[in-house]
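Here the structure is laid out as structure tokens; the discussion comes afterwards.
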Amino acid sequence: MALSRLSLRSNRFLQPSSTTAAALPSSLRRHVSTDTTPITIETAVPFESHLCDAPSRSVETSSSEILSFFRDMARMRRMEIAADSLYKSKLIRGFCHLYDGQEALAVGMEAAITRKDAIITSYRDHCTFLGRGGELVDAFSELMGRKRGCSNGKGGSMHFYKKDACFYGGHGIVGAQIPLGCGLAFAQKYSKEEFVTFTLYGDGAANQGQLFEALNIAALWDLPAILVCENNHYGMGTATWRSAKSPAYFKRGDYVPGLKVDGMDALAVKQACKFAKEHALKNGPIVLEMDTYRYHGHSMSDPGSTYRTRDEVSGVRQVRDPIERVRKLLLSHDIATEKELKDMEKEVRKEVDDAVAQAKESPVPEPSELFTNMYVKDCGVESFGADRKELKVTLA
Amino acid sequence: MAARIHGGAATALSTFNPKKLVAPSRTNLPAAARSSKRCIVAGGGSDASKKSLSVRHSQKLIANAAVATKAETSATTGTGHELLLFEALQEGLEEEMDRDPHVCVMGEDVGHYGGSYKVTKGLADKFGDLRVLDTPICENAFTGMGIGAAMTGLRPVIEGMNMGFLLLAFNQISNNCGMLHYTSGGQFTIPVVIRGPGGVGRQLGAEHSQRLESYFQSIPGIQMVACSTPYNAKGLMKAAIRSENPVILFEHVLLYNLKEKIPDEEYICNLEEAEMVRPGEHITILTYSRMRYHVMQAAKTLVNKGYDPEVIDIRSLKPFDLYTIGNSVKKTHRVLIVEECMRTGGIGASLTAAINENFHDYLDAPVMCLSSQDVPTPYAGTLEEWTVVQPAQIVTAVEQLCQ
Chain A
30 MALSRLSLRS NRFLQPSSTT AAALPSSLRR HVSTDTTPIT IETAVPFESH LCDAPSRSVE
90 TSSSEILSFF RDMARMRRME IAADSLYKSK LIRGFCHLYD GQEALAVGME AAITRKDAII
150 TSYRDHCTFL GRGGELVDAF SELMGRKRGC SNGKGGSMHF YKKDACFYGG HGIVGAQIPL
210 GCGLAFAQKY SKEEFVTFTL YGDGAANQGQ LFEALNIAAL WDLPAILVCE NNHYGMGTAT
270 WRSAKSPAYF KRGDYVPGLK VDGMDALAVK QACKFAKEHA LKNGPIVLEM DTYRYHGHSM
330 SDPGSTYRTR DEVSGVRQVR DPIERVRKLL LSHDIATEKE LKDMEKEVRK EVDDAVAQAK
390 ESPVPEPSEL FTNMYVKDCG VESFGADRKE LKVTLA
Chain B
560 MAARIHGGAA TALSTFNPKK LVAPSRTNLP AAARSSKRCI VAGGGSDASK KSLSVRHSQK
620 LIANAAVATK AETSATTGTG HELLLFEALQ EGLEEEMDRD PHVCVMGEDV GHYGGSYKVT
680 KGLADKFGDL RVLDTPICEN AFTGMGIGAA MTGLRPVIEG MNMGFLLLAF NQISNNCGML
740 HYTSGGQFTI PVVIRGPGGV GRQLGAEHSQ RLESYFQSIP GIQMVACSTP YNAKGLMKAA
800 IRSENPVILF EHVLLYNLKE KIPDEEYICN LEEAEMVRPG EHITILTYSR MRYHVMQAAK
860 TLVNKGYDPE VIDIRSLKPF DLYTIGNSVK KTHRVLIVEE CMRTGGIGAS LTAAINENFH
920 DYLDAPVMCL SSQDVPTPYA GTLEEWTVVQ PAQIVTAVEQ LCQ
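Respectively, the protein sequence lines represent chains A and B. Per this note's numbering, the first sequence starts with residue 30, numbered consecutively. Per this note's numbering, the second sequence starts with residue 560, numbered consecutively.
The following block contains the structure:
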């Protein structure tokens, strides 16, 4: 039933209607993977806008960038598949929320911003972490609860963070990261640096009150906050039409401009994020709705087939898959051959397998780690009792 | 530290109804009772009429300069300055905002209105709208925003207009404020201060008379302190702002007008330390916030009856200063806890458990805990009075324990 409501708008394949760089002669094809000559690609789906002018559908990119999209997305896809099998073999426990199908969002966003712009998201954060420069082995170690993990094994799947890349996590409670994200934007405005914050949330979280509270403050104080709704059409088991009276999430900001983007098209995502960043720095917050899809269920405990048909999932996979889309783009523009792309995928697969193996070998945290990082500069959690040795904490 | 409690027409504790309670006259404690750990703030002194803040500032040579200059130290002048508790909080906040440009204040009506209890009065004019932020009424969101800002290195002071309103922000305080340092493996610190008035006031009604320290005490990763005098209010405010950990500073609605002389020079109070209010030999009375004054009132009666209570203001609600408490228990062997929290699951309950666990061998009698009743605070004045612990009950309890 959900199938009829899910609009499969992108029945057409990408039509590169205007290319400024003509297909290169075969003699030069070997060198194209590092070619940064600008190419302009037109997005398949137009943007829909609310209270603003939509950006142009012509995206400026380059061969090397599209190739990097392919590689990064392939890596993310492989990581999630590997996490799936690790979970089934009980090396990953608890909750594991996988991002496969939504990779275009992570890579497209990264292409439009710098590592000084902040990103904060919820629990479906593995690929966003990777996009921010996280290492595969750190991700797998964290998933398996090892010391090497990005949060020392103490966070788990839902708590990946990378401070030096301005990646603020990684949050388990739906919607709670939205005020945090507006706080990050506030800090950016406070410090007067020209950076923005991308606060990601899902279609389920879009009904949280704190979103509207935070959006009100962000609009009132002109904060450089970009709220990105990753609309994968299901809040766990509940489809958007069953949870939202108005599923036009980009319009629900009301007084805040919004943009609806085809979230399976990495180039469209890049264009939208670039536009949003410029907008936020000048005019305050903006809401982006990314129309995307997840192949797995909500988490590994959810088969993902009780509330949607298998045909729907495979239909989206055939028609809208982000990696396939980029592959077709690369092939049609003669940027790479089939074989080269397949080799790349093999490399990526090996990379991921190596990382998994390495993570499996890495040690679990020491027992003393139970009490570390509770407080900063304290008398020690264990000795907060009657036997504490230090009496005073010296403050600055 | 003996706080000056002025009876009569002066404003300090006019909220106490002198008809119902023993009139809180000027406390003349024996010299031995005065704590000598910090600068002496004794000194007689006429009841200075409440000066306006700006006048006091000019007296302290801060004048209208954008950056406050440090006042002459009392080493040279030899005296402190007298102020009310909310002014002490404001002084501490202002000094820290001068000292560190990362400190900002956010809350409802803290800016242009000056704060509903005047703690932030004048700060918006001095520091501007970006550092003293008037938020809309959305505790969940602005607490979350403060925490998000703290993740990047800002040091927000988040004010809940009444502590009870922060229940709406419980998720942010528990999950993000308390836990992010741990779950991020130490990558992020959350140096926020969450403060606001709580406790039972004067017929404010059930929803505005809540004691949230009992709800927050289990949250791992936060520290909780309760101030009770202008001296420790300013000291704890400054320490809380400088601390790298999230600190919840509990103030009390009825204590804002306490007057005391505090030192001119800069000082901070230790966040994890309890305060010895009155050394004694017979029994240890542990208390905090407003109940300290009920205890001191009962102490007068007890002294007249021949008892020698040791009164400790625990100040640090999380973690407990079991070092000071333990040493006291070892000396007196009897413990009475007097608190304003509810009986069930309150600070007293945790403290009783901690003392029993750690100092059982030193106890000659079971730990007794006097708490508020497990009822929503009624509006009627007489009923409200019976909800909280009164000095007479404290006297009875001590007599019972010391048999």
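The beta-carbon is built from N, C-alpha and C at its ideal position, and this holds for glycine as well. Keep in mind the model is a prediction, meaning the values are calculated, not measured.
Original post:
Is the beta carbon of A205 (chain A) sitting closer than 8 angstroms to the one on G780 (chain B)?
Top reply: no
Original post:
Terminal residues of the continuous beta strand (DSSP E) containing Y230 (chain A)?
Top reply: 226-231
**OP:** Check whether the Cβ of M403 (chain A) lies closer than 8 angstroms to any Cβ atom in chain B.
**Re:** yes
Original post:
Given that T742 (chain B) touches chain A, what residues does it touch there, using C-beta distances under 7 angstroms?
Top reply: S180, K183, G184, H188
**OP:** Could you name the residues of chain A that I706 (chain B) contacts, counting a contact when the two beta carbons are closer than 9 angstroms?
**Re:** P208, L209, G212
Original post:
Just reading off the alpha helix (DSSP H) that P789 (chain B) is part of, what are its end residues?
Top reply: 789-801
Subject >> Runs of beta strand (DSSP E) wholly within the region 241-323 of chain A (minimum 3 residues, chain order) >> reply: 254-260, 287-291, 315-320
Subject >> Inter-residue spacing [alpha-carbon to alpha-carbon] between S92 (chain A) and G184 (chain A) >> reply: 38 angstroms
Subject >> Buried/exposed call for A939 (chain B), threshold 16 Cβ in 10 Å >> reply: exposed
**OP:** Quick one: grab the DSSP three-state call for P396 (chain A).
**Re:** helix
Original post:
Is E944 (chain B) helix, strand or coil by DSSP?
Top reply: helix
**OP:** Pull up the distance between the alpha-carbon of E667 (chain B) and that of A168 (chain A), whole angstroms please.
**Re:** 41 angstroms
**OP:** Output yes if chain A places a C-beta closer than 8 angstroms to the C-beta of N915 (chain B); else output no.
**Re:** no
**OP:** Identify each residue in the region 212-237 of chain A for which the Cβ-Cβ distance to at least one residue of chain B is less than 7 angstroms, and report them in chain order.
**Re:** G212, L213, F215, A216, Y219
Original post:
List, in order along the chain, the chain B residues whose C-beta lies closer than 7 angstroms to that of K406 (chain A)?
Top reply: E803
Subject >> For D923 (chain B), the nearest candidate out of B:V894, B:P789, B:P660 (CA to CA) >> reply: B:V894
**OP:** With a 10 Å radius around its C-beta and 16 neighbouring C-beta atoms as the bar for buried, classify R67 (chain A) as buried or exposed.
**Re:** In the sequence on display, residue 67 (chain A) carries Pro and not Arg. By the neighbour-count rule (16 or more Cβ atoms within 10 Å), P67 (chain A) is not buried but exposed.
Subject >> Where I896 (chain B) sits in the DSSP three-state scheme >> reply: strand
**OP:** Throw me the rounded Cβ distance for the G292 (chain A) and A133 (chain A) pair, which I believe falls under 8 angstroms.
**Re:** 6 angstroms
**OP:** For R690 (chain B), write down the residues that DSSP places opposite it in a beta bridge.
**Re:** Per DSSP, none; premise fails for R690 (chain B).
Original post:
Under three-state DSSP, which class holds M835 (chain B)?
Top reply: strand
**OP:** Measure the Cβ-Cβ separation of N791 (chain B) and L643 (chain B) and say whether it is below 8 angstroms.
**Re:** no
**OP:** Drop a sphere of 10 angstroms on the beta-carbon of A386 (chain A), count the other beta-carbons inside from all chains shown, and report buried for 16 or more, exposed for fewer.
**Re:** exposed
Subject >> CA-to-CA distance, P695 (chain B) to I246 (chain A), given in whole angstroms >> reply: 7 angstroms
**OP:** With 8 angstroms as the threshold, decide whether the Cβ of I246 (chain A) is near any Cβ in chain B.
**Re:** yes
Original post:
Within the 8 angstroms Cβ cut-off, does I202 (chain A) reach chain B?
Top reply: yes
Original post:
Going along the chain, which residues of its own chain have a beta-carbon closer than 7 angstroms to the beta-carbon of S887 (chain B), five neighbours each way excluded?
Top reply: T843, E869, I871
Original post:
Under a Cβ-count criterion, where at least 16 other Cβ atoms within 10 Å of its own Cβ denotes burial, should P332 (chain A) be classed as buried or exposed?
Top reply: exposed
Original post:
Taking 8 angstroms as the CB-CB limit, is Y197 (chain A) close to chain B?
Top reply: yes
Subject >> Distance, Q131 (chain A) Cα to T903 (chain B) Cα >> reply: 48 angstroms
**OP:** Using a cut-off of 9 angstroms between C-beta atoms, extract the partners of A205 (chain A) located in chain B.
**Re:** N699, G703, N730, Q731, N734, N735
Subject >> Within-8 angstroms CB hit, E426 (chain A) to chain B >> reply: What the structure shows of chain A is the stretch from 30 to 425, and residue 426 (chain A) is not part of that stretch, so it cannot be assessed.
Subject >> Whole-number beta carbon distance between G287 (chain A) and E318 (chain A), since they are thought to touch under 8 angstroms >> reply: 7 angstroms
Subject >> Residues near P950 (chain B) by beta carbon distance below 6 angstroms, same chain, minus five either side >> reply: H853, Q856, A857
Original post:
Listing by chain order, which chain B residues have their CB less than 7 angstroms from the CB of E242 (chain A)?
Top reply: C697, N699, A700
Subject >> Residue range of the unbroken beta strand (DSSP E) whose run includes F1030 (chain B) >> reply: Given that chain B is displayed from residue 560 to residue 962, the structure contains no residue 1030 (chain B) and the question cannot be resolved.
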